[in-house]
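Quick note: the sequence shown uses UniProt numbering, first residue 1, plus one each step. Just so you know, even glycine gets a beta-carbon here, dropped at the ideal spot from N, CA and C. None of these values were measured; they are calculated from a predicted model. To start, the structure under review is shown below, and the notes come after it.
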Amino acid sequence: MIRISFEISDESFEEIKELVKDFEKDGFTEEDAYRAIFEMGIKAYQIERNNPNEDDLRRQLITLASKYSAMKFKNFQLMRDNQTLEIRLKGYESENRYLKGVLGIRVDGK
1 MIRISFEISD ESFEEIKELV KDFEKDGFTE EDAYRAIFEM GIKAYQIERN
51 NPNEDDLRRQ LITLASKYSA MKFKNFQLMR DNQTLEIRLK GYESENRYLK
101 GVLGIRVDGK
């Protein structure tokens with residue numbers, strides 16, 4: 001991985017911070033949000049440079065938006081699954097502590 005550093009205007013930074021907030025609402029970390037914004041900017045520039053036709057740009061935008069929506073939904077499903085697994089793990093850990101207590105096995109330094 002490469003670290004990039006550069007200066008931008010205050011106005012651009014404020015716009016980026018607003019985008020980061022939107023990404024965070026979708027479950028992104030701040031670092032991942034900045035990375036996604038940067039990478040999306042690169043892709044947008046490449047699309048514009050390689051496809052000056054406005055109709056092509058619209059089609060590609062729709063395609064990218066649908067891919068983003070699908071990824072966002074998949075992220076939601078994975079977060080929900082993760083929460084379920086965390087709850088089950090806590091239950092199993094509690095059951096394990098209880099059974100160790102019943103069997104007289106020393107638990108957590110007792």
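Beta-carbon spacing of A33, E24 below 8 Å
Locating residue 33 in the sequence shown gives position 33, counting from the first residue. Locating residue 24 in the sequence shown gives position 24, counting from the first residue. Contact annotation: A33 and E24 have beta-carbon atoms nearer than 8 Å.
Count the other CB atoms, across all protein chains shown, that sit within 10 Å of the CB of V20; report buried if there are 16 or more and exposed otherwise.
Walking along the sequence shown from the start, residue 20 turns up at place 20. With a threshold of 16 other beta carbon atoms within 10 Å, V20 meets it and is buried.
Kindly list the residues whose CB is nearer than 8 Å to the CB of I8, restricted to its own chain and excluding five residues on each side of it in sequence; keep chain order.
Stepping through the sequence shown from its first residue, residue 8 is reached at position 8. Within the same chain, and ignoring the five residues on either side of I8 in sequence, the residues whose Cβ sits closer than 8 Å to its Cβ are I16.
Proximity below 8 Å, CB of N75 to CB of G27
Here residue 75 corresponds to residue number 75 of the sequence shown, with the count starting at 1. Here residue 27 corresponds to residue number 27 of the sequence shown, with the count starting at 1. Against a cut-off of 8 Å, the Cβ pair of G27 and N75 comes out as a contact.
Mapping DSSP to helix, strand and coil, what is D32?
Position 32 of the sequence shown, counting from 1, holds the residue named residue 32. Looking at D32 - three-state DSSP - the assignment turns out to be helix.
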